[in-house]
Every structure is written in structure tokens, then in C-alpha cells.
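Structure first, commentary second.
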Amino acid sequence: MSQTFVVVGVAAAVKVVVVVVVVVVVVVVVVVVVVVVVAAAAIVEVVKEAVVMIVVVLLLVAVVSAVSVGGLRKVWINCFSKAVTTCVVVGNRTRDRQITSPTR
Numbered sequence: 001m002s003q004t005f006v007v008v009g010v011a012a013a014v015k016v017v018v019v020v021v022v023v024v025v026v027v028v029v030v031v032v033v034v035v036v037v038v039a040a041a042a043i044v045e046v047v048k049e050a051v052v053m054i055v056v057v058l059l060l061v062a063v064v065s066a067v068s069v070g071g072l073r074k075v076w077i078n079c080f081s082k083a084v085t086t087c088v089v090v091g092n093r094t095r096d097r098q099i100t101s102p103t104r
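Using the UniProt record's numbering, the first residue of the sequence shown is number 1, and each one after it goes up by one.
Dropping the structure here:
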């Protein structure tokens, strides 16, 4: 009779251990999946920002290259370096024009 109780007790203990192990494995798997999903989202965000920055840099390089063709680079540098005066581009030359009130 006492052997039956021991067997039932061992079987119950094994069931409890199996349930605990299954619960721990499920929790670990869920945590790993959440961490992987969050990390993937962060990586996607970083890659997206990097792609945007690369596109912006390429556009700036394209604009500077297009402006530098035909000797216009000096004109652009002069225009941007003279912030107080108004820059008027005439051909490949720049002239500074003062902003004055209209004459009578």
C-alpha cells in the first residue's frame, strides 16, 4: 500500500516538473521572439535612416557636380559666401547689387 503512494507521488512530481519545464521553455521562446522582433525593427529603422542619409548625400553630390559643370562652381561659392548682398548671376559672372529704396 505504501508503495502505491510512493509511485503516485513520484508520478505527480514528474507531472509538476514537466509542466514547469514546458512553461519555462514557452516563456523563454516568447522572450526570444520578442527580443528578435524588437531588434529587427530597430535594425530596419537604422537601415532606413542610413538609406535616407545616403540618398541625401548623393543628391547633394549630384547638385554640386551639376553646378560645377561649365565654371558655375565659382559663381555658387560667391553667391553663398556673400550673405548680406544680393547676388545676381549674369552668365558666368556675379554682380553685387545693393538693396536700396526706389528712386524718384
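From the three backbone atoms N, C-alpha and C, an ideal C-beta is built for every residue, glycine too. This one's a predicted model, so the numbers in the text were calculated from it and none came from an experiment.
Check                                                                                               : Outcome
Inter-residue Cα distance where the pair is A11 and V20                                             : 14 Å
Close beta carbons around residue 107, own chain, < 6 Å, minus the five adjacent residues each side : Residue coverage of the chain in this structure runs from 1 to 104, which leaves residue 107 outside it and unanswerable.
Between the CA atoms of V30 and K48 - distance to the nearest angstrom                              : 27 Å
Alpha carbon of V34 to alpha carbon of V63, nearest angstrom                                        : 43 Å
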